[in-house]
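These notes are about the structure you will find just below.
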Amino acid sequence: KGYVVTFSYNPTTHQPSVQVAPPVSATDLTQAKAYWVKPGLLAWPATMVPPADQPGTMRWRLQASRDAGITTDAEQIHSDQTYDLRYDPKGLPASVVTQYPYLDGYLALTFKGSDRLARRLLKGQVVVGQYSDGYRLVDGTGVQIAPVLDALYGSKAAKRTYGIEWRGSRGSFRVWAPTAQRVGLLIWPAGSPADAPTSAAKRVAMAEQSDGSWTARPWGSVRDARYLYQVTAYQPQTQKIETNDVTDPYSVALTVDSTRSVAVDLADRRYRPAAWRTTPSPKLARAVDSTIYELHVRDFSISDSSVPADHRGSYLAFADQFGRGWQHLRALALAGLNTVHLLPTFDIASIPEDPAQQKSPDCDLTSYKPDSEQQQACVTAVADQDAFNWGYDPWHWMAPEGSYASSAQAADGGRRVAEFRTMVGGLHAAGLRVVLDQVYNHTPASGNAKTSVLDKVVPGYYQRLDASGAVTTSTCCQNVATENAMAQKIMVDATVSWARHYKVDGFRYDLMGHHSKANMLAVRAALDKLTLRKDGVDGKSIYVYGEGWNFGEVADNARFVQATQGQLGGTGIGTFSDRLRDAVRGGGPFDADPRLQGLATGLVTAPNTASQPDAAQRLANYTDLAQLGLAGNLRSYTFRDYAGTVKRGDQVDYNGSPAGYADQPDEVITYVDAHDNETLFDELAYKLPLDTSMADRIRMNTVALSFTALAQTPSFWHAGTDLLRSKSLDRNSYN
Numbered sequence: 042k043g044y045v046v047t048f049s050y051n052p053t054t055h056q057p058s059v060q061v062a063p064p065v066s067a068t069d070l071t072q073a074k075a076y077w078v079k080p081g082l083l084a085w086p087a088t089m090v091p092p093a094d095q096p097g098t099m100r101w102r103l104q105a106s107r108d109a110g111i112t113t114d115a116e117q118i119h120s121d122q123t124y125d126l127r128y129d130p131k132g133l134p135a136s137v138v139t140q141y142p143y144l145d146g147y148l149a150l151t152f153k154g155s156d157r158l159a160r161r162l163l164k165g166q167v168v169v170g171q172y173s174d175g176y177r178l179v180d181g182t183g184v185q186i187a188p189v190l191d192a193l194y195g196s197k198a199a200k201r202t203y204g205i206e207w208r209g210s211r212g213s214f215r216v217w218a219p220t221a222q223r224v225g226l227l228i229w230p231a232g233s234p235a236d237a238p239t240s241a242a243k244r245v246a247m248a249e250q251s252d253g254s255w256t257a258r259p260w261g262s263v264r265d266a267r268y269l270y271q272v273t274a275y276q277p278q279t280q281k282i283e284t285n286d287v288t289d290p291y292s293v294a295l296t297v298d299s300t301r302s303v304a305v306d307l308a309d310r311r312y313r314p315a316a317w318r319t320t321p322s323p324k325l326a327r328a329v330d331s332t333i334y335e336l337h338v339r340d341f342s343i344s345d346s347s348v349p350a351d352h353r354g355s356y357l358a359f360a361d362q363f364g365r366g367w368q369h370l371r372a373l374a375l376a377g378l379n380t381v382h383l384l385p386t387f388d389i390a391s392i393p394e395d396p397a398q399q400k401s402p403d404c405d406l407t408s409y410k411p412d413s414e415q416q417q418a419c420v421t422a423v424a425d426q427d428a429f430n431w432g433y434d435p436w437h438w439m440a441p442e443g444s445y446a447s448s449a450q451a452a453d454g455g456r457r458v459a460e461f462r463t464m465v466g467g468l469h470a471a472g473l474r475v476v477l478d479q480v481y482n483h484t485p486a487s488g489n490a491k492t493s494v495l496d497k498v499v500p501g502y503y504q505r506l507d508a509s510g511a512v513t514t515s516t517c518c519q520n521v522a523t524e525n526a527m528a529q530k531i532m533v534d535a536t537v538s539w540a541r542h543y544k545v546d547g548f549r550y551d552l553m554g555h556h557s558k559a560n561m562l563a564v565r566a567a568l569d570k571l572t573l574r575k576d577g578v579d580g581k582s583i584y585v586y587g588e589g590w591n592f593g594e595v596a597d598n599a600r601f602v603q604a605t606q607g608q609l610g611g612t613g614i615g616t617f618s619d620r621l622r623d624a625v626r627g628g629g630p631f632d633a634d635p636r637l638q639g640l641a642t643g644l645v646t647a648p649n650t651a652s653q654p655d656a657a658q659r660l661a662n663y664t665d666l667a668q669l670g671l672a673g674n675l676r677s678y679t680f681r682d683y684a685g686t687v688k689r690g691d692q693v694d695y696n697g698s699p700a701g702y703a704d705q706p707d708e709v710i711t712y713v714d715a716h717d718n719e720t721l722f723d724e725l726a727y728k729l730p731l732d733t734s735m736a737d738r739i740r741m742n743t744v745a746l747s748f749t750a751l752a753q754t755p756s757f758w759h760a761g762t763d764l765l766r767s768k769s770l771d772r773n774s775y776n
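Remember, our numbering sits 41 above the position in the sequence shown when you count from 1.
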């Protein structure tokens, strides 16, 4: 069956011949198309069964090798261990398909091995071979292991505390690495150079626990010691057993440029500045009253001559009360602003942390004409080595970014913790609450790359994989599978750590739609447990919001119920609303023609010469979107639309979707300007007639912002939009 038979005839010799070739196997062990769901159950793609065959006539084998020595040829897969799998015609249980909807239609293969055997096999290379009824190899592939790891360890492992638990100056270390064959702890003394050789480290063996974690409690003080974990595990991306020296995923402090974790106790009084300890968070009666100013740490002060030179671009500038920046924030607070949202401040992979290693443009930017392209060319030449990035590439989620410390020395260990807290105290002193931007939807790298952490500790678990086993990248980078138990745990633990140990007042989640609703409810529940008496912070007063966009491999609830617009009703978790934004600005951020106008950019009052099809129809729709947006963008809100008809919010159209999607106003963030895309002033430059006066541009900027200010929702402002900020028409200034 499946053999290729070729008949031929030689007219010269008058001899017939027959050639018989074995079937060509489709085996590709570099991919991982099978899923190990539970210890006794695997899922196999039905599409991998040849069309001429029936699943009941096929044979499957689970094949394993502790030293990753599996090979294959046209006949079979060669492995150290082989176990027969049985095809179950009843298919995958409904509970499995409910939990993993993307496995709907997969074949069910059962395995009689024990939990103990499964744990042992998962410490090496595991593949599944598909054979004909005569046991000739037809297909074979690697195995995705995240589901079975959750089944074996998840519920127990998720109850543990990871990183370092302190008793005086001694620390107990714990890291979750269930697939590791060995884990060791490398420790260098406090103050050791960040590049001290591995040979200078003290080596401490770690003991494996039944929950998949490894633990060690070194003798003596480890306060401020540098450390790494040495993890030996099978790495699917290289198909080898790899030994990696890796930082702690639960690092709260690091050496410069994140080369090593630093054992810092966040309760250590050396890193708890008095101004932070004694300045309480400003109170806010309700989350819906939030007025939020989105600000970048370096942006805030890098060019401010009123700030001490060694504080510019750093955390400390936020406590310089004689600086013009702090005084501007204080003036905004007195005018009604109550919250500052900081772009990412966790440890970032893309910024050199030592100022001596940061490059600057090698030109005089002021010498070029205003419309020259030379400024941008000069800046771009050093963009990857300079001191600026938005920071949406998380390296370590629980440690502050070192490039925002006041010096390379201050970036080392607990000193960056102290300076970060100084910033929080300075903002609280200005009368402003603090929101931190969180990015758990992706990491900058996976596999054995320099900035990969999670995928070195538990390869193939934390990153979200596609149906072939490749890491998905719909967010721009290596996506994180927060639907997996321990990925959700580190997301929740990191959020709680920032709240408890830094006294911040809110969190914004980048690309929140790539997380599940369950993820966000877990975050909300964990925050709600924090109390002033026990934790020093009222967790229920912490506001949570994010980008509820629907796209990528998770779109339309393909993998789980997403945390997207319209699916968070009753949670009090906010999502950014593009409805009012587009009505006010005109069109969307990805329109082919950026000159399409909106209510505040001249659609009626100053039409430009661009082709604007259906202007009257768009005016009607924009008017309805604006009315609805001002009223909280509620799905059940009723009002008279542009034509005088009474409508509910969810009956108003927004690009084919219901415009009204919220159940309560705090589930919507109203904005017309953010760090993404062109600034509001630059949008006006595109959209207004060229001869529009500066006075009218200013008035229209104010009209646009008034929609944000007057909406019955939390309002959101891009820092500097109140000062007519321009990015020289650059829509993506992340770097």
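C-beta atoms are modelled at their ideal positions from N, C-alpha and C, and glycine is treated no differently.
In chain order, what residues of the same chain lie with their CB nearer than 7 Å to the CB of V480, ignoring the 5 residues before and after it?
As a first step, residue 480 is located in the sequence shown; it is residue number 439 there, counting from the start. These residues qualify, in order along the chain: P385, Y433, P435 and D551.
DSSP beta-bridge partners of T123:
Counting from one through the sequence shown, the residue named residue 123 turns up at place 82. DSSP lists Q104 as partners of T123.
Which of helix, strand or coil DSSP assigns to V263:
Start at 1 with the first residue of the sequence shown, and residue 263 comes out as number 222. DSSP places V263 in coil when its eight states are reduced to three.
Residue from V476, T513 and S652 whose Cα sits closest to the Cα of P485:
In the sequence shown, the residue the question calls residue 485 occupies position 444. That would be T513, whose Cα lies nearest to the Cα of P485.
Excluding five sequence neighbours on each side, which residues of the same chain lie with their C-beta closer than 8 Å to the C-beta of D704?
Residue mapping note: residue 704 aligns to position 663 of the sequence shown, counting from 1. Correct list, in chain order: G610, G611, L675, R676 and S677.
First and last residue of the beta strand (DSSP E) that includes N662?
Position 621 of the sequence shown holds residue 662. That residue, N662, is in no beta strand (DSSP E); its alpha helix (DSSP H) goes A656 to L671.
Where does H369 sit, in a helix, a strand or coil, going by DSSP?
The sequence position of residue 369 within the sequence shown is 328, counting from 1. It is helical.
According to the neighbour-count rule (16 or more other Cβ atoms, all chains shown, within 10 Å of its Cβ), is Y147 buried or exposed?
Translated into positions along the sequence shown, residue 147 becomes position 106. Around the beta carbon of Y147, a 10 Å sphere encloses 16 or more other beta carbons of the protein chains shown; the residue is thus reported as buried.
Beta-carbon contacts of H556 that lie in its chain and below 6 Å, excluding the five residues immediately before and after
As a working note, residue 556 is residue 515 in the sequence shown. Cβ contact annotation for H556 (same chain, cutoff 6 Å, sequence separation greater than five): T523 and A604, in chain order.
Buried versus exposed, by CB contacts within 10 Å (16 or more), A397
Residue mapping note: residue 397 aligns to position 356 of the sequence shown, counting from 1. Label assigned to A397: exposed.
Does any C-beta atom of chain D lie closer than 8 Å to the C-beta of P96?
Although the question refers to chain D, the structure presented lacks it and comprises just one protein chain.
Is it the case that the Cβ atoms of V381 and Y334 are separated by a distance below 8 Å?
For the purposes of this step, residue 381 is identified with residue 340 of the sequence shown, where counting begins at 1. For the purposes of this step, residue 334 is identified with residue 293 of the sequence shown, where counting begins at 1. In contact: V381 and Y334 (Cβ atoms closer than 8 Å).
Taking contact to mean at least 3 C-beta pairs separated by less than 8 Å, is the stretch 146-164 in contact with the stretch 79-97?
Pairwise C-beta distances place the stretch 146-164 in contact with the stretch 79-97, as three or more of them are shorter than 8 Å.
Can A105 and Q122 be called in contact, C-beta distance under 8 Å?
Your numbering for residue 105 matches position 64 in the sequence shown. Your numbering for residue 122 matches position 81 in the sequence shown. Yes, these two residues count as a Cβ contact at 8 Å.
Extent of the continuous beta strand (DSSP E) run through G183:
For this step, residue 183 is matched to residue 142 along the sequence shown. That run of the beta strand (DSSP E) goes L178 to Q185.
So, using beta-carbon positions, are R549 and G587 closer together than 8 Å?
Here the question's residue 549 lines up with position 508 in the sequence shown. Here the question's residue 587 lines up with position 546 in the sequence shown. For the 8 Å CB-CB criterion, R549 and G587 form a contact.
Backbone secondary structure at R311 - three-state DSSP:
The residue given as residue 311 occupies position 270 in the sequence shown. Helix, per DSSP.
On the three-state DSSP scale, how would you describe H437?
For this step, residue 437 is matched to residue 396 along the sequence shown. Three-state result, H437: strand.
Which residue or residues does DSSP assign as beta-bridge partners of L506?
Along the sequence shown, read from residue 1 onward, the residue named residue 506 stands at position 465. Paired residues: V512.
Could you round the C-beta distance between G181 and T68 to whole angstroms and report it? I think they count as a contact, below 8 Å.
Here residue 181 is taken as the residue at index 140 of the sequence shown, counted from 1. Here residue 68 is taken as the residue at index 27 of the sequence shown, counted from 1. Yes, G181 and T68 are in contact; Cβ-Cβ is about 4 Å, under 8 Å.
Find the nearest neighbour of A418 within the set L406, A428 and F429, judged by alpha-carbon distance.
Counting from one through the sequence shown, the residue named residue 418 turns up at place 377. It is L406.
In terms of alpha-carbon separation, which member of M553, K530 and P234 lies closest to G195?
Taking the first residue of the sequence shown as position 1, residue 195 is located at position 154. That would be K530, whose Cα lies nearest to the Cα of G195.
Tell me the residue span of the beta strand (DSSP E) that contains W207.
Along the sequence shown, one-based indexing puts residue 207 at 166. Segment G204 to R208, the beta strand (DSSP E) holding W207.
So, S447 versus H542, is the Cβ gap smaller than 8 Å?
Looking up residue 447 in the sequence shown gives position 406. Looking up residue 542 in the sequence shown gives position 501. Judged by beta-carbon spacing, H542 lies beyond the 8 Å limit of S447, meaning their Cβ atoms are not closer than that value.
What is the rounded straight-line gap between the Cα of A452 and the Cα of V305?
Position 411 of the sequence shown, counted from the start, is the residue given in the question as residue 452. Position 264 of the sequence shown, counted from the start, is the residue given in the question as residue 305. Cα to Cα, A452 sits roughly 13 Å from V305.
Please work out which residues of its chain come closer than 7 Å, Cβ to Cβ, to R107, disregarding the five sequence neighbours upstream and downstream, and give them in chain order.
What you label residue 107 is simply residue 66 of the sequence shown in a count that begins at 1. Excluding positions up to five away in sequence, the list reads D121, K164 and G165.
Just to check my reading of the structure: A470 and T320 have Cβ atoms closer than 8 Å, yes? What is that Cβ distance to the nearest angstrom?
Here residue 470 corresponds to residue number 429 of the sequence shown, with the count starting at 1. Here residue 320 corresponds to residue number 279 of the sequence shown, with the count starting at 1. Yes, they are in contact, since the Cβ atoms of A470 and T320 sit about 5 Å apart, within 8 Å.
In the DSSP assignment, find the beta strand (DSSP E) that holds N742 and state where it starts and stops.
On the sequence shown, residue 742 is found 701 positions in, with the first residue counted as 1. From DSSP, N742 is part of no beta strand (DSSP E) but of the alpha helix (DSSP H) over M735 to L751.
Length at least 4, wholly inside the stretch 402-490: the alpha helix (DSSP H) runs in chain order
Listed in chain order, they are 415-421 and 456-470.
Should M735 go down as buried or exposed, given a rule of 16 or more other Cβ atoms within 10 Å for buried?
For the purposes of this step, residue 735 is taken as residue 694 along the sequence shown, with counting starting at 1. Burial call: exposed.
Could you tell me how far apart the beta carbons of Y445 and Y356 are, in whole angstroms, since I believe they sit closer than 8 Å?
Counting from one through the sequence shown, the residue named residue 445 turns up at place 404. Counting from one through the sequence shown, the residue named residue 356 turns up at place 315. Yes, Y445 and Y356 are in contact; Cβ-Cβ is about 5 Å, under 8 Å.
Rounded to the nearest angstrom, what separates P411 and L765 at their Cα positions?
Numbered from its first residue, the sequence shown carries residue 411 at position 370. Numbered from its first residue, the sequence shown carries residue 765 at position 724. Rounded to whole angstroms, P411 to L765 spans 17 Å at the Cα level.
Q529, enclosing alpha helix (DSSP H) - first and last residue
For this step, residue 529 is matched to residue 488 along the sequence shown. That run of the alpha helix (DSSP H) goes A526 to Y543.
What residues match up with V189 in a beta bridge as DSSP calls it?
For the purposes of this step, residue 189 is identified with residue 148 of the sequence shown, where counting begins at 1. Answer is none; V189 lacks a bridge partner.
With 16 other CB atoms within 10 Å as the buried threshold, where does F214 fall?
One-based indexing of the sequence shown puts residue 214 at position 173. With 16 or more other CB atoms across the displayed protein chains lying within 10 angstroms of its CB, F214 is buried.
Here's the rule: buried if 16 or more other CB atoms are within 10 angstroms of the residue's CB, otherwise exposed. What is C518?
Taking the sequence shown and counting its residues from 1, the one referred to as residue 518 is at position 477. Buried, by the Cβ-count rule.
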